[in-house]
Amino acid sequence: MPPASPKPPIPDAFRPSASIYSGSPAAVPVALGLPVMAWQAVFFLAPLVFLVVITFWQVRSFRLEPAFVLDNWTRILWSTPFHRALGHTLQVAATTTVLALLLALPLAYTIAFRLSARVRDLAVSLLVVPVFSSYMLRIYAWQVVLGADGIANAVLGAIGIPKLQLLGGAFSLQVGLLTLTLPVAVLILVFAMVGVDRTLIEAAENLGCRRAQVIARVLIPSIRPAIVLAGTTTFLLAFGDYIGPLFMTGSKPPTLSILLVDTVKSGSQWPRASVVGVSMLVILVLVFALGRLAGSVRIRRRSP
Amino acid sequence: MQKRFLPDLSRRGFLRAGAGVAALAASSRWSPADADEPNVLNYLSWPGNADPYLVGEFEKQNNCKIRIKEYVGGDQMLAVINQSPPGSFDVVLADAEYMHLLRAADYLEELDPADYPLKDFWPEFQKFPLHWFDGKLYGVMSDFGYLGLSYNTEVYKPDEVGSYEAMWKPKAKGKVGFFDWYLPSMGTVSLAAGNHPPFDLSDAAFAAVKKKLFSLKSQASGFYTIADIFSSLTNGQAHLVPGIGEWITLGLRMSGKPLDTIIPAEGGLQWTESLSIAKGTKKRDLARKFIQYTASPDGQVRQATKVDNKKSIPSMAGWKLLNDTMPKEAQILRLELGKPNVMDEYKKGRIAFRELPKKQKIEDWNDVWSEFKSL
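Top line first, the protein sequences correspond to chains A and B.
Numbering of the first sequence is given in numbering that gives the first Met the number 0, commencing with residue 0 and proceeding in unit increments.
Numbering of the second sequence is given in numbering that gives the first Met the number 0, commencing with residue 0 and proceeding in unit increments.
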């Protein structure tokens with residue numbers, strides 16, 4: 000067997016930059032990623048570990064003292080206010096998720112498929128603005144709108160409807176939480192819908208599918224991971240929100256984030272508050288993991 | 000002279016002052032590095048107390064700057080001071096009920112009564128019990144006020160709110176707002192249950208207060224922060240709020256809102272703010288001068304007439320200056336000498352000090368409050 004002829008040399012013009020390839024190519028992304036990993040370790044992981052550690056500490060005369068006591072865990076996890084706040088928070092976040100998806104899907108569909116490219120870009124910009132504007136200000140604006148003498152009741156009064164108690168209940172809470180979550184959910188879904196392969200839709204239409212069938216059989220399956228992501232993001236935002244429950248319902252009933260702050264205020268009880276915080280974190284991780292699972296599971300379809 | 004003290008009391012002025020305070024708070028953040036600055040007085044205090052209206056003259060007179068570290072609530076104040084190195088603060092403003100905890104933790108300097116114009120104070124406040132420990136002085140009162148029952152005057156007439164029992168009436172269903180702090184809120188419920196003083200309760204009396212509090216659940220509209228109390232009263236979420244006072248409703252009333260505060264028949268609570276010198280300070284003289292200034296007639300008038308936070312003041316000399324220079328303000332604040340005034344309720348024995356629970360732990364009261372909120 001004749002020896003393999005040597006490969007022709009690569010012309011310099013086509014050779015990648017020597018500085019990039021001077022070491023092992025595999026080490027480059029590692030080297031670039033190291034600072035980020037170090038940053039995460041110092042500013043995310045370490046505080047997280049510390050958060051768990053202080054759940055075992057104790058407070059004496061408003062002073063945090065290192066210890067190893069289980070009292071904080073037993074006291075919080077077995078307390079009625081924690082159970083009620085947990086149930087209420089899960090229910091509120093789940094409701095927000097369902098409402099946000101129900102509202103976001105048709106809105107995103109309209110933006111992605113019914114608007115011209117120019118108007119679509121404008122709509123996306125209008126959705127991005129609230130995401131980065133002050134949530135607190137938006138909540139205060141809703142207080143002006145929904146107050147007993149607010150704009151909503153003034154409009155209702157003008158058409159003969161007596162004053163309604165719009166602030167301070169489940170309705171106003173959902174208004175607040177949807178203010179936070181809806182733009183995010185719509186944006187996720189719009190970006191997913193814009194990326195859907197149009198030829199599939201056209202093919203379905205050419206084969207005689209009605210619009211509802213196209214949406215149910217082509218569009219929704221195509222964007223299923225995005226729907227899961229939008230739902231998970233909405234749930235996570237609503238679950239951890241403090242401002243909406245505080246200002247739209249007056250903390251009635253308290254959510255876990257309100258209970259967390261109340262616990263800190265109660266004699267500087269950082270360890271017990273940390274128990275609430277760690278519990279919230281565990282639930283969020285579980286929800287996130289379930290979301291990932293739901294997004295990745297393949298749905299078996301029967302052949303037509 | 001009158002012009003110097005007269006604040007703009009219009010709604011616009013009120014809002015402008017609020018914005019000014021916010022800007023000030025943002026621009027005068029306290030930093031531990033300020034501790035060693037000889038011309039910086041480090042002040043641990045409730046928000047708004049480094050407003051130029053209050054401290055500008057002192058800064059000018061003493062060629063110094065006040066750097067405020069703000070806290071909201073006594074627990075937070077204790078947490079801040081616990082977590083700061085000795086010498087971080089020169090002056091501490093505390094609610095009087097927290098002073099014994101500061102004293103017990105050895106955070107306060109003993110004060111020489113001769114250094115301060117205590118003889119100018121109303122006799123009732125010259126030896127204020129929450130400031131003296133073992134016959135030694137640790138704090139000087141800067142201002143005070145009464146907490147009772149605040150109400151919407153379009154919904155309630157004064158005779159309807161003469162007793163805290165108004166909160167349990169069908170008319171108040173879903174309209175009783177609560178200041179989200181166990182101490183004043185449960186304190187007024189304790190008064191309503193017939194306890195005087197309201198914070199010195201046997202376990203049986205405490206259980207009765209808990210039961211009475213829980214019976215208010217269906218009446219509650221919500222649990223509010225200070226900022227949200229203003230909006231809940233003005234937007235109609237709440238028609239009655241126990242445990243707050245004139246310092247909230249007076250400013251709103253002057254902006255045209257139909258609100259007032261009454262001390263019901265069962266009595267009210269006195270809140271008191273006290274100035275102390277923090278142990279470990281390197282600026283003891285400046286700290287002393289600051290307390291002297293705040294207790295002086297001029298400093299006291301400024302305390303009473305701060306645009307967004309009306310207070311009563313303990314100094315009779317301050318009252319006299321206020322009456323001489325701003326008679327209308329003195330009338331509105333009920334700080335008129337020789338006429339019915341804020342001292343009347345005190346003299347009648349209807350006012351109890353706001354104190355920390357005497358026989359139970361703070362946590363026990365807080366737990367009851369958390370449970371009430373979650374019902």
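Every residue gets a Cβ at the ideal spot worked out from N, C-alpha and C, and that includes glycine.
Predicted model only: the values in this text are computed from it and were never measured.
> Using a Cβ-Cβ distance under 8 Å, would Gln142(A) count as near chain B?
Replying inline: Your numbering for residue 142(A) matches position 143 in the first sequence. It does: the Cβ of Gln142(A) has a partner Cβ on chain B nearer than 8 Å.
>> My output table needs one value for Asp199(B): the three-state DSSP class, helix, strand or coil.
In response: Along the second sequence, read from residue 1 onward, the residue named residue 199(B) stands at position 200. Of the three classes helix, strand and coil, the one that applies to Asp199(B) here is coil, per DSSP.
>> Give me, in chain order, the residues of the same chain whose beta-carbon lies closer than 6 Å to that of Leu320(B); leave out the 5 immediate sequence neighbours on both sides.
In response: Here residue 320(B) is taken as the residue at index 321 of the second sequence, counted from 1. Correct list, in chain order: Pro296, Val300.
> How about Gly249(A) and Ser369(B): do their beta carbons lie closer than 8 Å?
Replying inline: If you number the first sequence from 1, residue 249(A) lands on position 250. If you number the second sequence from 1, residue 369(B) lands on position 370. Not in contact: Gly249(A) and Ser369(B) (Cβ atoms no closer than 8 Å).
>> Please list, in chain order, the chain B residues whose beta carbon lies closer than 8 Å to that of Thr79(A).
In response: The residue you call residue 79(A) lines up with position 80 of the first sequence. Residues of chain B passing the Cβ test: Glu370, Ser373.
> If you compare alpha carbons, which of Gly194(A), Phe170(A), Thr232(A) is closest to Thr180(A)?
Replying inline: Residue mapping note: residue 180(A) aligns to position 181 of the first sequence, counting from 1. Nearest C-alpha to Thr180(A): Thr232(A).
>> Bridge partners for Trp131(B) per DSSP, in chain order?
In response: One-based indexing of the second sequence puts residue 131(B) at position 132. Its beta-bridge partners are Leu136(B).
> Within 8 Å (strictly less), CB to CB, does Asp74(B) reach chain A?
Replying inline: Counting from 1 along the second sequence, the entry for residue 74(B) is found at position 75. Output row for Asp74(B): interface = yes.
> So which residues on chain A does Asp179(B) lean against when the C-beta distance must stay under 7 Å?
Replying inline: The count along the second sequence starts at 1 and reaches residue 179(B) at position 180. Going along chain A in sequence order, the residues near Asp179(B) (Cβ under 7 Å) are Ser250.
> Of all the residues that make up the segment 252-268 of chain A, which are near chain B by a beta-carbon distance shorter than 9 Å?
Replying inline: Pro252, Pro253, Ile257, Leu258, Asp261, Thr262, Val263, Lys264, Ser265, Gly266, Ser267, Gln268
> DSSP beta-bridge partners for Leu428(B)?
Replying inline: With chain B covering 0 to 374 only, the question about residue 428(B) has no answer from this structure.
> Would Leu268(B) pass as a contact of Pro183(B) if the rule is Cβ separation under 8 Å?
Replying inline: Along the second sequence, one-based indexing puts residue 268(B) at 269. Along the second sequence, one-based indexing puts residue 183(B) at 184. Yes, Cβ-Cβ distance for Leu268(B) and Pro183(B) is below 8 Å.
> Just to confirm, does Trp246(B) get its C-beta within under 7 Å of one of the non-hydrogen atoms of the ligand MG?
Replying inline: Among the components of this structure there are no ligands whatsoever, and the ligand MG is therefore not found.
>> Between Gly266(B) and Ala351(B), how many whole angstroms is the CB-CB distance? I'm expecting something under 8 Å.
In response: As a first step, residue 266(B) must be located in the second sequence, where it is residue number 267. As a first step, residue 351(B) must be located in the second sequence, where it is residue number 352. Confirmed, about 6 Å.
>> Taking a contact to mean a Cβ-Cβ separation below 8 Å, would you say Gly242(B) touches Gly186(B) in this structure?
In response: Reading the second sequence from its first residue, position 243 is the one you call residue 242(B). Reading the second sequence from its first residue, position 187 is the one you call residue 186(B). For Gly242(B) and Gly186(B), yes; Cβs fall inside 8 Å.
>> Tell me which residue opens and which closes the alpha helix (DSSP H) that Ala122(A) is part of.
In response: Here the question's residue 122(A) lines up with position 123 in the first sequence. Ala122(A) -> alpha helix (DSSP H) spans 116-131.
>> Quick check: what's the CA-CA separation for Gly298(B) versus Asn308(B)?
In response: Residue numbering aside, residue 298(B) sits at position 299 when the second sequence is read from its first letter. Residue numbering aside, residue 308(B) sits at position 309 when the second sequence is read from its first letter. Each residue's Cα considered, the two are about 15 Å apart.
> By how many angstroms is the C-alpha of Ala294(B) removed from the C-alpha of Met36(A)?
Replying inline: By 1-based counting over the first sequence, the position of residue 36(A) is 37. By 1-based counting over the second sequence, the position of residue 294(B) is 295. Near 55 Å, if we compare the C-alpha coordinates of Ala294(B) and Met36(A).
>> Buried or exposed, going by whether 16 or more other CB atoms sit within 10 Å of the CB of Gly207(A)?
In response: Taking the first residue of the first sequence as 1, we reach residue 207(A) at position 208. Burial call: exposed.
> Taking Cβ to Cβ, would you say Thr349(A) is nearer than 8 Å to Gly230(A)?
Replying inline: Coverage of chain A is limited to positions 0 through 303, which leaves residue 349(A) absent and any answer about it impossible.
> Does the separation of the CB atoms of Gly200(B) and Ser214(B) fall below 8 Å?
Replying inline: By one-based count along the second sequence, residue 200(B) stands at place 201. By one-based count along the second sequence, residue 214(B) stands at place 215. The sequence shown places Leu at residue 200(B), not Gly. No.
>> According to DSSP, simplified to helix, strand and coil, what is Tyr155(B)?
In response: Here the question's residue 155(B) lines up with position 156 in the second sequence. Coil, per DSSP.
> Under the DSSP definition of a beta bridge, which residues are partnered with Thr260(B)?
Replying inline: For the purposes of this step, residue 260(B) is identified with residue 261 of the second sequence, where counting begins at 1. Paired residue(s): Ser149(B).
> Thinking C-alpha only, which one of Phe112(A), Ala184(A), Val263(A), Thr88(A) is nearest Asp196(A)?
Replying inline: Reading the first sequence from its first residue, position 197 is the one you call residue 196(A). Per the Cα distances, Phe112(A).
> Between the segment 163-171 of chain B and the segment 331-345 of chain B, do at least 3 Cβ pairs fall closer than 8 Å?
Replying inline: no
>> I'd like the ranges of any beta strand (DSSP E) spanning at least 3 consecutive residues and lying wholly in the segment 207-233 of chain B.
In response: 219-223
>> For Gly239(A) and Leu280(A), what's the separation of their Cα atoms in angstroms?
In response: Sequence index remark: in the first sequence, residue 239(A) carries index 240 (1-based). Sequence index remark: in the first sequence, residue 280(A) carries index 281 (1-based). Near 9 Å, if we compare the C-alpha coordinates of Leu280(A) and Gly239(A).
> What residues match up with Phe120(B) in a beta bridge as DSSP calls it?
Replying inline: As a position in the second sequence, residue 120(B) is number 121, starting the count at 1. Bridge partners of Phe120(B): Ser314(B).
> Hey, out of His195(B), Val208(B), Ala203(B), whose CA is closest to Tyr181(B)'s CA?
Replying inline: Your numbering for residue 181(B) matches position 182 in the second sequence. The shortest C-alpha separation from Tyr181(B) is found at Val208(B).
> DSSP state of Asp111(B), grouped into three classes?
Replying inline: Working through the second sequence from its first residue, we reach residue 111(B) at position 112. The answer is coil: DSSP assigns Asp111(B) none of H, G, I, E or B.
> What residue does the beta strand (DSSP E) around Leu31(A) start on, and which one ends it?
Replying inline: Here residue 31(A) refers to the residue found at position 32 of the first sequence. Segment 26-39 is the alpha helix (DSSP H) holding Leu31(A); no beta strand (DSSP E) there.
> Got a sec? Which residues, its chain only, sit under 7 Å from Val20(B) by beta carbon, not counting five neighbours each side?
Replying inline: Residue numbering aside, residue 20(B) sits at position 21 when the second sequence is read from its first letter. Since pLDDT at Val20(B) reaches only 40, below the 50 mark, its modelled position is unreliable, and no value is offered.
> Looking at chain B, which residues of the segment 39-61 of chain A have a Cβ within less than 8 Å of any of its Cβ atoms?
Replying inline: Ser60, Phe61
>> If the cut-off is 9 Å on Cβ atoms, which residues from the segment 224-238 of chain B count as contacting chain A, listed in chain order?
In response: Thr224, Ala226, Asp227, Ser230, Ser231, Thr233, Asn234, Gly235, Gln236, Ala237
> Can you tell me whether DSSP reads Asn41(B) as helix, strand or coil?
Replying inline: Walking along the second sequence from the start, residue 41(B) turns up at place 42. Three-state DSSP puts Asn41(B) in a strand.
> How is Arg59(A) classed by DSSP in three states: helix, strand or coil?
Replying inline: Residue numbering aside, residue 59(A) sits at position 60 when the first sequence is read from its first letter. Arg59(A) falls in the strand class under three-state DSSP.
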